[in-house]
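Input: a single structure, listed below in structure tokens.
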Amino acid sequence: MMNSTTPPSSSTTPPTEAALQAEVTRLRQEIESLKASQAPPDYGPGATLPETHWEQQYQAQTFKAVLGAIQQGLIVFRVLRNEAGDLNDLIYEFVSDQVTHDAGLRREQMIGQSLCSLFPSVVKSAHWTVYEQALQTGLPQPLEEHYQYDDFDNYIVSQILPVDGDRLIVSYQIINELKQAQVKAEQQSALLQSIFDNAQVGLVLFEILRDETGKVRDFRYLQSNPVNDRILGRPAGEIIGRTVYELYPALRGSEWTNNAHRCAELGEPTQFAYSYEGDGVRGWFDATFVRIDNRMLLTYTDVTALKDAEQLQTRQAELLRSTNEVLLRSNESLQNFAYVASHDLQEPLRKIQSFGDLVIDRFGNLLPAEGQDMLQRMQAAADRMSNLIHDLLALSRLSTQKQPFRPIDLGRLLTGILTDLELVVVQTGAKIEITQLPIVTGDRVQLGQLFQNLLTNALKFQVPGTIPRVQIDCRHVGTADVPAGLLSPAFAGDSNPAGGRPRHYFAISVTDNGIGFDADTHGERVFGAFQRLHGKSQYTGTGIGLAIAKKVVDNHGGGIRVDSKPGDGAAFTIYLPAND
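Residue numbers (the working numbering): 32 to 611.
Here it is as structure tokens:
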């Protein structure tokens, strides 16, 4: 049989020209040697019969030598049968040089020996079965086998020829390298097929069909993957072998057709997007054509959902833009109305207050106590109305009369505010402590309103008889230290010239020892307009001060929060962008 555990390469590698020349020279020398050793005796004139016998013997020896030297395995077996006449064993009568090489044995170790004694496992192989078939039928039998017995591992292609029922002539070739290349090609083909079948995009292989002039006229389906089958709504069996325009005539003259013909004619890859509706198919697709000889590969992705989402987003963006324009106009009108109304209301209110004062001064003594009380109530209501109009006007100006942001020294700003509140501080005996405050970028007027409202509340909302204590501190913090959701989502660009969310903030806290409130319940509510947590009879005010504070902080791209418990004071913390 054939060697070996390491498949030989000589059986499939063509010999070089020098090797062939050497082999021819060796054969010639062997023939000459045969002639010299087997020269016929001299029988004299007319001795033709011995001469003919010698020639026959010479030719047989020459033929045998040539067969032994060919670059192919060649074996002549003598058949041994059992008593039933079935194949029992095979005896080597002739082996070529290739056989001894493949078997790893010398010729004298094989001639006259039985096949089963040298290679006992051969009876398990396909070779043995084919030997029996050849002897039974008397016909040549081809065979290809992966022989893995007796420490051999070879791919073998054989031809078995029975001769008169007593002999078998076996020719074979070891095709390890060819088979390995074939297996590798099959594996690569299987891999490509697996990729083709499992790709998450549509894949179609077309044959380019041309007319007599060579012009592209259509495309025939050669292969289709499951994604394409699903998108088309047709199994591959319905489209393979048929043409594009036969199945989808609406494609003629479309973007698909223009790009397909361009790629087929020029051979350059073409990428494009197209929409199709018809023949049971509807959608948007992103596609690429690549020509391969006279075939063309289409790769495409169904982007219908993405396109629909984009169109919906476009419609929503347009609706949002229109809505914003309406809201902006409405907001502007409301702000202008608030400003004009607040301004125009001040004048008649001042006349009411002035005439009220005149009535009290001139005719107060003439009125009974009840009348005087009514006038005082009227004046108190007018004062509250005046304060309310003033605060409304201030709140509207936060949106309508913004000033360019400039560096503001908060320490100096607080000093000015305390000067304005000096009378209240003296009357209450308040203790106010202020640490080093930073310089921030902002609107001086707005920031003044912010801190004046916070300080006024801290001094006002106190238990009667208690000395107010107010502490103002500042810390430098990073964005991660600011409570989530606290910062304004759309902050003033002037507060951060570099653009984007600032990396650091100043956390400025205003803490008092006042009456406090339940921040867990009212923490967000207190920053709304007209929100009061205490009665007007106890504590004066309009309920707009903290709304102004919140609006100022939002305008500066910051945030504000409050921590408080009833009877335990309040701590307001303002976050303003730091000038890093």
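Cβ atoms here follow ideal geometry from the backbone N, Cα and C, with glycine treated the same way.
Worksheet entry | Exposure of LYS246, with buried meaning 16 or more beta-carbon neighbours within 10 Å | What you label residue 246 is simply residue 215 of the sequence shown in a count that begins at 1. Around the beta carbon of LYS246, fewer than 16 other beta carbons sit within 10 angstroms, so the residue counts as exposed.
Worksheet entry | Expected contact under 8 angstroms - CB spacing of PRO300 and THR319 to nearest Å | Residue 300 sits at position 269 when you count from the first residue of the sequence shown. Residue 319 sits at position 288 when you count from the first residue of the sequence shown. Going by Cβ atoms, the distance from PRO300 to THR319 rounds to 6 angstroms, so yes, they are a contact pair.
Worksheet entry | Validate contact between the segment 134-141 and the segment 192-207 using beta carbons, cut 8 angstroms, 3 pairs | The segment 134-141 vs the segment 192-207: no contact.
Worksheet item: Comparing alpha-carbon positions, which option in LEU468, LEU282, ASP451 lies nearest PRO438?
Response: Working through the sequence shown from its first residue, we reach residue 438 at position 407. Distance from the Cα of PRO438 is smallest, within the candidate group LEU468, LEU282, ASP451, for LEU468.
Discussion item. For MET33, count the other beta carbons within 10 Å of its own beta carbon; 16 or more makes it buried, fewer makes it exposed. Which is it?
Written reply: Counted from its first residue, the sequence shown places residue 33 at position 2. Caution applies to MET33, whose pLDDT of 49 falls short of 50 and renders its modelled position unreliable; the value that the coordinates give is listed next. Under a 10 Å Cβ-count criterion, MET33 is classified as buried, with 16 or more other Cβ atoms of the shown protein chains found around its own Cβ.
Discussion item. Taking the straight line between their C-alpha atoms, what separation do you get for VAL232 and ILE106?
Written reply: Indexing the sequence shown from 1 puts residue 232 at position 201. Indexing the sequence shown from 1 puts residue 106 at position 75. In a straight line, the C-alpha of VAL232 is about 56 angstroms away from that of ILE106.
Worksheet item: Hey, how far is the Cα of PRO266 from the Cα of ASP260?
Response: Position 235 of the sequence shown, counted from the start, is the residue given in the question as residue 266. Position 229 of the sequence shown, counted from the start, is the residue given in the question as residue 260. PRO266 and ASP260 have their alpha carbons spaced roughly 5 angstroms apart.
Item to complete: Quick one: grab the DSSP three-state call for GLN254.
Response: Numbered from 1 along the sequence shown, position 223 holds the residue referred to as residue 254. Looking at GLN254 - three-state DSSP - the assignment turns out to be strand.
Worksheet item: What first and last residue would you give for the alpha helix (DSSP H) that runs through HIS177?
Response: Within the sequence shown, residue 177 is the residue found at index 146, counting from 1. Going by DSSP, HIS177 is part of no alpha helix (DSSP H) but of the beta strand (DSSP E) stretching over 172-178.
Worksheet item: Residues bridged to LEU666 by DSSP?
Response: Here the chain has residues from 32 to 611 only, and residue 666 is not among them.
Item to complete: Please check the pair LEU490 and VAL455, which I expect to be a contact at CB under 8 angstroms, by giving their CB distance rounded to whole angstroms.
Response: Locating residue 490 in the sequence shown gives position 459, where the first residue counts as 1. Locating residue 455 in the sequence shown gives position 424, where the first residue counts as 1. Taking a contact as a CB-CB distance under 8 angstroms, the pair LEU490 and VAL455 counts as one, their CB atoms being some 5 angstroms apart.
Worksheet item: Quick one: what's got a C-beta closer than 8 angstroms to VAL312's C-beta in the same chain, skipping five residues either side?
Response: As a working mapping, residue 312 is identified with position 281 in the sequence shown. For VAL312, the CB contacts under 8 angstroms within the same chain, skipping 5 residues up- and downstream, are ILE262, LEU263, GLY264, TYR279 in chain order.
Worksheet item: Is it right to say ASN113 is buried, meaning 16 or more other beta carbons lie within 10 angstroms of its own, or is it exposed?
Response: Reading the sequence shown from its first residue, position 82 is the one you call residue 113. Exposed.
Item to complete: Could you name the residues of the same chain whose beta carbon sits closer than 8 angstroms to that of PRO495, not counting the 5 residues immediately before and after it, in chain order?
Response: Counting from one through the sequence shown, the residue named residue 495 turns up at place 464. So the list is empty, once near-sequence residues are dropped.
Discussion item. Under 7 angstroms, Cβ to Cβ, is there at least one residue of chain B near TRP315?
Written reply: No chain B is part of this structure, which consists of one protein chain only.
Item to complete: Please name the residue in GLN302, TYR536, VAL258 whose C-alpha comes closest to that of ALA230.
Response: The residue labelled residue 230 in the question sits at position 199 within the sequence shown. Across the set GLN302, TYR536, VAL258, the C-alpha of VAL258 shows the shortest separation from the C-alpha of ALA230.
Discussion item. Going by DSSP in three states, SER225 sits in which element: helix, strand or coil?
Written reply: Here the question's residue 225 lines up with position 194 in the sequence shown. DSSP places SER225 in helix when its eight states are reduced to three.
Discussion item. Taking contact to mean 3 or more Cβ pairs, one atom from each stretch, closer than 8 angstroms, check whether the segment 303-311 and the segment 339-353 are in contact.
Written reply: No, the segment 303-311 is not in contact with the segment 339-353.
Item to complete: Compute the distance between the beta-carbons of VAL188 and GLN213, then report whether it is under 7 angstroms.
Response: Here residue 188 refers to the residue found at position 157 when the sequence shown is read from its first residue. Here residue 213 refers to the residue found at position 182 when the sequence shown is read from its first residue. The beta carbons of VAL188 and GLN213 sit no closer together than 7 angstroms.
Item to complete: Pick helix, strand or coil for SER156, following the three-state DSSP scheme.
Response: The residue you call residue 156 lines up with position 125 of the sequence shown. Three-state result, SER156: coil.
Discussion item. I'd like the span of the beta strand (DSSP E) that includes LEU192, first residue to last.
Written reply: Within the sequence shown, numbered from 1, the residue matching residue 192 stands at position 161. Looking at the DSSP string, the run of the beta strand (DSSP E) that includes LEU192 is 185-194.
Item to complete: Pull up the CB-CB distance for LEU199 and LEU136, whole angstroms please, since I reckon it's below 8 angstroms.
Response: Within the sequence shown, residue 199 is the residue found at index 168, counting from 1. Within the sequence shown, residue 136 is the residue found at index 105, counting from 1. Contact between LEU199 and LEU136 is absent: CB atoms are separated by about 19 angstroms, not below the 8 angstroms threshold.
Item to complete: Could you tell me which of ALA281, GLY314, SER285, VAL321 sits nearest to GLY298, measuring between CA atoms?
Response: In the sequence shown, residue 298 corresponds to position 267, counting from 1. Among ALA281, GLY314, SER285, VAL321, the Cα nearest to that of GLY298 belongs to VAL321.
Discussion item. Could you tell me which whole alpha helix (DSSP H) segments of length 4 or greater appear in the segment 462-507?
Written reply: Here the runs fully enclosed are 475-491.
Worksheet item: When the Cα atoms are used, what is the spatial distance from HIS292 to SER306?
Response: On the sequence shown, residue 292 is found 261 positions in, with the first residue counted as 1. On the sequence shown, residue 306 is found 275 positions in, with the first residue counted as 1. Their Cα atoms are separated by approximately 17 angstroms.
Worksheet entry | Exposure label - VAL501; buried when at least 16 CB within 10 Å | Numbered from its first residue, the sequence shown carries residue 501 at position 470. It counts as buried.
Fill in: Alpha-carbon spacing of ASP228 relative to ILE270, whole angstroms
Looking up residue 228 in the sequence shown gives position 197. Looking up residue 270 in the sequence shown gives position 239. Rounded to whole angstroms, ASP228 to ILE270 spans 16 angstroms at the Cα level.
Fill in: Rounded C-alpha distance that separates VAL110 from ASN119
For this step, residue 110 is matched to residue 79 along the sequence shown. For this step, residue 119 is matched to residue 88 along the sequence shown. Between VAL110 and ASN119, the alpha-carbon positions lie close to 8 angstroms from each other.
Worksheet item: DSSP beta-bridge partners for THR604?
Response: Translated into positions along the sequence shown, residue 604 becomes position 573. Within the DSSP secondary-structure output, THR604 pairs in a beta bridge with SER540, ARG592.
Practice prompt. Kindly list the residues whose CB is nearer than 6 angstroms to the CB of GLU175, restricted to its own chain and excluding five residues on each side of it in sequence; keep chain order.
Written response: Locating residue 175 in the sequence shown gives position 144, counting from the first residue. Same-chain partners within the cutoff: VAL188.
Worksheet item: On the three-state DSSP scale, how would you describe SER40?
Response: In the sequence shown, counting from the first residue as 1, residue 40 sits at position 9. Because the pLDDT of SER40 is 39, which lies under 50, any placement of that residue in the model is unreliable, and the number read from its coordinates should be weighed accordingly. Three-state result, SER40: coil.
Discussion item. Determine whether the beta carbon atoms of GLY590 and LEU517 lie at a separation below 7 angstroms.
Written reply: Position 559 of the sequence shown holds residue 590. Position 486 of the sequence shown holds residue 517. With respect to LEU517, GLY590 sits close: the two C-beta atoms are nearer than 7 angstroms.
Item to complete: Within the same chain, show all residues whose beta-carbon is closer than 7 angstroms to that of ILE239, passing over the 5 residues directly before and after it, in chain order.
Response: Taking the sequence shown and counting its residues from 1, one reaches residue 239 at position 208. Contacts found: VAL247, PHE250, ALA295, ASN325, ARG326, MET327.
Worksheet item: Three-state secondary structure (DSSP) at SER220?
Response: Here residue 220 refers to the residue found at position 189 when the sequence shown is read from its first residue. Three-state DSSP puts SER220 in a helix.
Practice prompt. Select from ASP242, PHE603, GLN190, VAL583 the residue whose C-alpha is nearest the C-alpha of GLN434.
Written response: Working through the sequence shown from its first residue, we reach residue 434 at position 403. Checking every option, the nearest Cα to that of GLN434 belongs to VAL583.
Item to complete: Spatial neighbours of ASP181 within its chain, please: CB distance less than 8 angstroms, with the 5 preceding and 5 following residues excluded, ordered by chain position.
Response: For the purposes of this step, residue 181 is taken as the residue at position 150 of the sequence shown. Answer for ASP181: MET32, PHE150, PRO151, SER152, VAL153, listed in chain order.
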